[in-house]
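Undergrad: Reading the sequence shown from the start, the letters are residues 875 to 1101 in this note's numbering. Pasting a structure below so you can have a look.
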Amino acid sequence: RDQLDQGKKVFFSEDMDVHSVATLFKFWLRELPEPILTYELYNEFVEANDIEDDLERCEKIKELLNRLPNVNKYSFQHMIKLLVEVADNEKYTKLNAQTISVVFAPNVLQDGDPNSNPFDTSAYEKINLIFAQFIMHYDIIFSDIEKERSIEGVVSLKKLKKKDQKEKKRRRTSLRLTSSQNKNNLYSKSNSSTKLSISQDVSKDSSNVSSSPSNSPLDSFGKSGLI
C-alpha cells in the first residue's frame, strides 16, 4: 500500500495472498475523494433499480454510465469485467453477483447528502441490487464502453507514437546542434591559442630587438671619440 501511495510499481506475484490484494483494492475504492460513480448520479442509479423491464433498466444504466468522466467510466468497466470473472468462477471463489455486491456496492455508490440516514437498510439493498445488475448484465451494459475504450486506446497509442517520434526528432536535432556548437567552440579555442602564440612570438621578437646592441652610425662616431 505504501508503495502504491508513493507511485511505485508493485509486482503482484502468483504467490501473493489474493485476500490482501482484494483488501488493497477495496481501500483504494473507499479512499477516493469521490465515489467512482459520483455523488451526483447516486440517486439516479438507485431509481434505475425500480425499472421493472430488464432491458429498459440496462439502457438507463448505460445512459448514466456514459455521463461519467471517461476515467471513471473506463476504470469501472475494467473493474466489473474482473468481478464478472470472479462470479463466473463461483465454484472456486465462493462468490456470486449478489455476494460481490455486498462487498463492493457501498464503496462505489454513496449518497453525498450529509443529512441522509446512514442506517437506512433499504438504501443498501437498492445499491446492492443495482450493483448486481452490472455483473449479471455486463455484456449488455458495457459492450459499447468496451468498444469505445478500445478505439480510445488505439487513438491514444497513435498519439503516444507520434509524440515519441517528435521527441526522437527533437533529440536528434538537439544532438546535432550540440555537436556543431562543440566544433565551433573547439575552432574558437584553437584560433585563440594560435593568436596567443603569434602574439607571444611577436612580443619576444620586439624584446630581442630592443635589447640587442645598436648598429647606428652615431654609435660608431661616439665610440671613436668624434662626438
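Just so it is clear, CB atoms sit at the ideal spot from N, CA and C, and this is done for glycine as well.
Could you please give the first and the last residue of the uninterrupted alpha helix (DSSP H) stretch that includes Q984?
TA: As a first step, residue 984 is located in the sequence shown; it is residue number 110 there, counting from the start. From DSSP, Q984 is part of no alpha helix (DSSP H); its letter is neither H nor E.
Undergrad: Along the alpha helix (DSSP H) that carries L915, what are the first and last residues, could you check?
TA: Stepping through the sequence shown from its first residue, residue 915 is reached at position 41. Looking at the DSSP string, L915 is not in any alpha helix (DSSP H), and its letter there is neither H nor E.
Undergrad: What is the DSSP secondary structure of R1044, reduced to helix, strand or coil?
TA: Within the sequence shown, the letter at position 170 stands for residue 1044. DSSP places R1044 in helix when its eight states are reduced to three.
Undergrad: With 16 as the cutoff for other CB atoms within 10 Å, does V884 come out buried or exposed?
TA: Your numbering for residue 884 matches position 10 in the sequence shown. Label assigned to V884: exposed.
Undergrad: Look up S1017 in the DSSP assignment and say whether it is helix, strand or coil.
TA: Numbered from its first residue, the sequence shown carries residue 1017 at position 143. Residue state, collapsed to three classes: helix.
Undergrad: Can you find at least 3 beta carbon pairs, one from the stretch 894 to 905 and one from the stretch 914 to 929, that sit closer than 8 Å?
TA: With contact defined as three or more Cβ pairs closer than 8 Å, the stretch 894 to 905 and the stretch 914 to 929 are not in contact.
Undergrad: Distance, Cα to Cα, K968 vs L1049?
TA: Reading the sequence shown from its first residue, position 94 is the one you call residue 968. Reading the sequence shown from its first residue, position 175 is the one you call residue 1049. C-alpha separation (whole angstroms): 60 Å.
Undergrad: Can you tell me the Cα-Cα spacing of E999 and F919, whole angstroms?
TA: Counting from 1 along the sequence shown, the entry for residue 999 is found at position 125. Counting from 1 along the sequence shown, the entry for residue 919 is found at position 45. Taking the straight line from one Cα to the other gives about 13 Å.
Undergrad: Out of E937, I954, R1046 and E1026, which has the shortest C-alpha to C-alpha gap to L915?
TA: Looking up residue 915 in the sequence shown gives position 41. Among E937, I954, R1046 and E1026, the Cα nearest to that of L915 belongs to E937.
Undergrad: For E964 and chain D, any beta-carbon pair shorter than 8 Å?
TA: The chain labelled as chain D is not found in the depicted structure, where only one protein chain is given.
Undergrad: Leaving out the 5 sequence neighbours to the left and right, which residues in its chain are closer than 7 Å to F1008 when beta-carbon positions are compared?
TA: Against the sequence shown, residue 1008 aligns to sequence position 134. Result list for F1008: I954 and I1015, in chain order.
Undergrad: In angstroms with no decimal places, state the Cα-to-Cα distance between W902 and T1047.
TA: Taking the first residue of the sequence shown as position 1, residue 902 is located at position 28. Taking the first residue of the sequence shown as position 1, residue 1047 is located at position 173. Going by the C-alpha atoms only, they are around 44 Å apart.
Undergrad: Determine whether the beta carbon atoms of A971 and A979 lie at a separation below 8 Å.
TA: Residue mapping note: residue 971 aligns to position 97 of the sequence shown, counting from 1. Residue mapping note: residue 979 aligns to position 105 of the sequence shown, counting from 1. The answer is no: Cβ separation not under 8 Å.
Undergrad: Quick check: the Cα distance between V958 and S887, rounded to an integer number of angstroms?
TA: Taking the sequence shown and counting its residues from 1, the one referred to as residue 958 is at position 84. Taking the sequence shown and counting its residues from 1, the one referred to as residue 887 is at position 13. Looking at the two C-alpha atoms, the distance is approximately 22 Å.
Undergrad: Within this structure, are the beta carbons of P907 and V982 separated by less than 8 Å?
TA: To locate residue 907, count along the sequence shown from 1; it is residue 33. To locate residue 982, count along the sequence shown from 1; it is residue 108. No.
Undergrad: Secondary structure at D876, three-state DSSP: helix, strand or coil?
TA: Here residue 876 refers to the residue found at position 2 when the sequence shown is read from its first residue. D876 falls in the helix class under three-state DSSP.
Undergrad: Measuring straight from C-alpha to C-alpha, what distance separates T912 and K947?
TA: Within the sequence shown, the letter at position 38 stands for residue 912. Within the sequence shown, the letter at position 73 stands for residue 947. Whole-angstrom Cα-Cα distance: 11 Å.
Undergrad: In chain order, what residues of the same chain lie with their CB nearer than 7 Å to the CB of I974, ignoring the 5 residues before and after it?
TA: Locating residue 974 in the sequence shown gives position 100, counting from the first residue. For I974, same chain residues with a beta-carbon under 7 Å away, outside a window of 5 residues either side, are L957, V960, A961 and I1009 in chain order.
Undergrad: Over what stretch of residues does the alpha helix (DSSP H) that includes H893 continue unbroken?
TA: By 1-based counting over the sequence shown, the position of residue 893 is 19. Residues V892 to R904.
Undergrad: Among I935, R875 and K882, which one has its Cα closest to the Cα of S894?
TA: To locate residue 894, count along the sequence shown from 1; it is residue 20. S894 has its Cα closest to that of R875, out of I935, R875 and K882.
Undergrad: According to DSSP, is L969 part of a helix, a strand, or is it coil?
TA: As a first step, residue 969 is located in the sequence shown; it is residue number 95 there, counting from the start. Taken through DSSP and simplified to helix, strand or coil, L969 comes out as coil.
Undergrad: Would you call I935 buried or exposed, if buried means 16 or more other Cβ atoms sit within 10 Å of its Cβ?
TA: Sequence index remark: in the sequence shown, residue 935 carries index 61 (1-based). Counting Cβ neighbours within 10 Å, I935 comes out buried, since at least 16 surround it.
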